[in-house]
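> According to the numbering used here, numbering within the sequence shown proceeds without interruption in unit steps and concludes at 283.
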Amino acid sequence: MEEEKIIINGHKAVDLGLSVKWATCNIGASKPEEYGDYFAFGETEPKDEYTEENHMLYGIPHGEAYIDIGKIISGTEYDAASKQWVYEWRMPTEEELYELLSYCSWQWITINGINGYKVVGPNGNSIFLPAAGISDSEYPEYNECGYYWTGSFSDEDCHWDALCLQFNEFEFGHYSYANPYEGLTIRPVADK
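Here it is, written out as structure tokens:
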């Protein structure tokens, strides 16, 4: 049976039986297996290079001044999903990532030469998350690991880490933290 695709502002979503609908593609991708664009945490446009010096929280264009964007940016002006795909879409929250990890089954598969996880929701519908790696990292791990931003900073004392989903062939998905200036992919969600 073909699962129903929902169109929101020109982008496809799937109801996995969770509290939100999940997009079928990453931002910047036209197919589920495409990596799409990479974003630094809190920035709404992709760029050619991802460094601490050119990240909005640290350096250009704001000098040395720290910008307080808040602990949760999902649905705010700092949310790349909301800016790129319009405000019905947003970055997932920590709670929505928890649902994806806790209530779905994960299967490592390959689609058109691209490795990643087929994530099947409790209602049987699914999405594919490609192993898109990290842009401009010393070890980008393209087609080996997946790193996806959530819209949340760490609740730990280290304020500068942002929460992300991380996976590889041997670990189907877990919470992780990345430096906000690194370029990660985003899989948007939309409210039901």
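Beta carbons: idealized from backbone N, C-alpha and C, even for Gly.
#1: Classify E110: buried if its beta carbon has 16 or more other beta carbons within 10 angstroms, exposed otherwise.
#2: Can you tell which of I118, Y141, G127, L107 has the C-alpha that lies nearest to the C-alpha of S196?
#3: Using a threshold of 7 Å, state whether the C-beta atoms of S255 and Y272 are closer than that.
#4: What would DSSP say about L148, mapped onto helix, strand or coil?
#5: Put S121 into one of helix, strand or coil per three-state DSSP.
#6: Confirm, please, whether the CB-CB distance from Y266 to D252 is below 7 Å.
#7: Can you give the beta carbon distance from T276 to G127, rounded, assuming they're within the 8 Å contact cut?
#8: Could you work out which residue in T184, F130, K96, E179 is closest to S245 when comparing CA atoms only?
#9: Assuming Y189 is part of the alpha helix (DSSP H), what are its boundary residues?
#10: How would you call F261, buried or exposed, if buried means at least 16 neighbouring beta carbons within 10 angstroms?
#11: Need the endpoints of the alpha helix (DSSP H) that K174 sits in, please.
#12: So the candidates are N216, Y208, S226, W113; which of them puts its Cα closest to the Cα of N259?
#13: What distance in whole Å lies between the Cβ atoms of V211 and L191, which are believed to be in contact at a cut-off of 8 Å?
#14: Quick check: the Cα distance between W176 and D139, rounded to an integer number of angstroms?
#15: Decide if T115 is buried, meaning its Cβ has at least 16 other Cβ atoms within 10 Å, or exposed.
Based on what the coordinates show:
#1: The sequence given here has Ser at residue 110, not Glu. By the 10 Å Cβ count, S110 comes out exposed.
#2: Looking from the CA of S196, the closest CA among I118, Y141, G127, L107 belongs to L107.
#3: Position check: residue 255 holds Cys in this sequence, whereas Ser was assumed. Contact flag unset, no.
#4: Looking at L148 - three-state DSSP - the assignment turns out to be coil, as it is neither helix nor strand.
#5: Reduced to three states, the DSSP call for S121 is coil.
#6: No.
#7: Contact flag correct, Cβ pair sits at about 6 Å.
#8: The alpha carbon of S245 has as its nearest neighbour, out of T184, F130, K96, E179, the alpha carbon of T184.
#9: Under the DSSP assignment, Y189 falls in the alpha helix (DSSP H) whose first and last residues are 185–194.
#10: So F261 ends up on the exposed side.
#11: For K174, the uninterrupted alpha helix (DSSP H) segment begins and ends at 171–176.
#12: Distance check between N259 and each of N216, Y208, S226, W113 places Y208 closest, using alpha-carbon atoms only.
#13: Contact between L191 and V211 does not hold, since the beta-carbon distance rounds to 11 Å and is not under 8 Å.
#14: Taking the straight line joining both Cα atoms gives about 21 Å.
#15: By the neighbour-count criterion, in which 16 or more other beta carbons inside 10 Å mark a residue as buried, T115 falls on the buried side.
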